[in-house]
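Asks: Going by the UniProt record's numbering, the first residue of the sequence shown is number 1, and it counts up by one from there. Ideal Cβ positions, reconstructed from N, Cα and C, are used throughout, including at glycine. I am attaching a structure below and will ask some questions about it afterwards.
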Amino acid sequence: VPQLGPHLPPRLTQQPWRLLYCTGRDGFSLRSLYRSGGPPGSPALLLIRDTEAQAFGAFSATAIRCSTGFYGTGETFLFSFCPELKV
1 VPQLGPHLPP RLTQQPWRLL YCTGRDGFSL RSLYRSGGPP GSPALLLIRD
51 TEAQAFGAFS ATAIRCSTGF YGTGETFLFS FCPELKV
């Protein structure tokens, strides 16, 4: 998602991204999402398209995981593409 590039931490702007989870391939299980979230400490970009084709998501400087509390860093942010990018 090139539009997000300017909002990502500088150390990540040139890094290749890998698709780790896709509902079309992996199903709709939140447990499966947590399991495929990548190594601890690795950044994560969560992109969601809703039933009305609106896109939104989150960037986390650490892997997405199950937690009983909040987690993230000052680099974590939410975004929406409805109708244009808002961070």
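Taking ALA61 as the reference, which of LEU12, GLY24, PRO43 and SER67 has the closest Cα?
Replies: Counted from its first residue, the sequence shown places residue 61 at position 61. Sorting LEU12, GLY24, PRO43 and SER67 by C-alpha distance to the C-alpha of ALA61 places PRO43 at the top.
Asks: What is the residue span of the alpha helix (DSSP H) that GLY24 lies within?
Replies: Numbered from its first residue, the sequence shown carries residue 24 at position 24. Unbroken alpha helix (DSSP H) run through GLY24: 23 to 26.
Asks: From the DSSP output, in three-state form, read off ARG11 for me.
Replies: Position 11 of the sequence shown, counted from the start, is the residue given in the question as residue 11. Looking at ARG11 - three-state DSSP - the assignment turns out to be helix.
Asks: Check for me: the alpha helix (DSSP H) holding SER32 runs from which residue to which?
Replies: Your numbering for residue 32 matches position 32 in the sequence shown. From DSSP, the alpha helix (DSSP H) with SER32 extends over 30 to 35.
Asks: Kindly give me the distance between the Cβ atoms of PHE79 and LEU4, rounded to whole angstroms, as I take these residues to be in contact under 8 Å.
Replies: Your numbering for residue 79 matches position 79 in the sequence shown. Your numbering for residue 4 matches position 4 in the sequence shown. Contact between PHE79 and LEU4 holds: their C-beta atoms lie close to 7 Å from each other, under 8 Å.
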